[in-house]
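Asks: The structure follows.
Residue numbers (the numbering used here): 2 to 244.
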């Protein structure tokens, strides 16, 4: 298989193998072909193959068994969602047959900064709730979320010691606020600082920066979500203007 010269070879190989796992071409539990065969197929050294496989082992896509070889992990976490479909991460995980566990990193009450004021239409003296969490699936951190909303719409959140549920569900069930739509900006980021000890911060992510609107089309929630791009795929139907 011919590789491009612009990117490190082991990164390209890791991306190709990961893609085959995500697309179902490589089946969980299946044994990967030997390093020697992979090196021949990709026309690279075995050291390059080992470096590529190490990346996928660290991401839990592969499991190396001493004396037996390398196998496709049976605990691969992968979530697909239409980018124009507004769902909470909990809802996306459930739709993929997965159970997400949220860990609260911090919850603070503070004054809104200028960006949040403008996004949510707040005055400079208004207090907001800033909720910072990490979502885990099968003990693997897959999303880092920062949610910001006015304190007055959900005052009981100030008393939360460990909020683990869906924020959208909480707003709907406890505060009678139904999120109807969101204005989102999506961008790719090379790496982020995950607030977790002993975690690889060099993993790429997709950044969703969103302003969410309620049933009255009022902005009520500002969110920043970092989705690990090795565990999430977002798709959209596109149309071309034809004259």
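Glycine included, C-beta positions come from ideal geometry on N, C-alpha and C.
No experiment lies behind these values; they were computed from the predicted model shown.
(1) Candidates 180, 178, 68 and 167: which alpha carbon is nearest residue 95's?
(2) When the distance is taken between beta carbons, is residue 145 closer than 8 angstroms to residue 138?
(3) Distance check for residue 51 and residue 230, CA to CA, integer angstroms please.
(4) Please work out which residues of its chain come closer than 7 angstroms, Cβ to Cβ, to residue 10, disregarding the five sequence neighbours upstream and downstream, and give them in chain order.
(5) Drop a sphere of 10 angstroms on the beta-carbon of residue 186, count the other beta-carbons inside from all chains shown, and report buried for 16 or more, exposed for fewer.
(6) Let me check understanding here. Comparing Cα to Cα, which of 223, 158 and 189 lies closest to residue 207?
(7) Taking residue 39 as the reference, give the member of 23, 15, 25 and 62 with the closest Cα.
(8) Near residue 128, what residues of its chain come up, given a Cβ to Cβ distance below 6 angstroms and the 5 sequence neighbours on each side ignored?
(9) Tell me the start and end of each unbroken alpha helix (DSSP H) in the segment 182 to 219 that is at least 4 residues and wholly inside, in chain order.
(10) So, are the CB atoms of residue 117 and residue 228 less than 8 angstroms apart?
Replies: By the coordinates alone:
(1) 167
(2) no
(3) 22 angstroms
(4) 4, 45 and 49
(5) exposed
(6) 189
(7) 15
(8) 110 and 152
(9) none
(10) no
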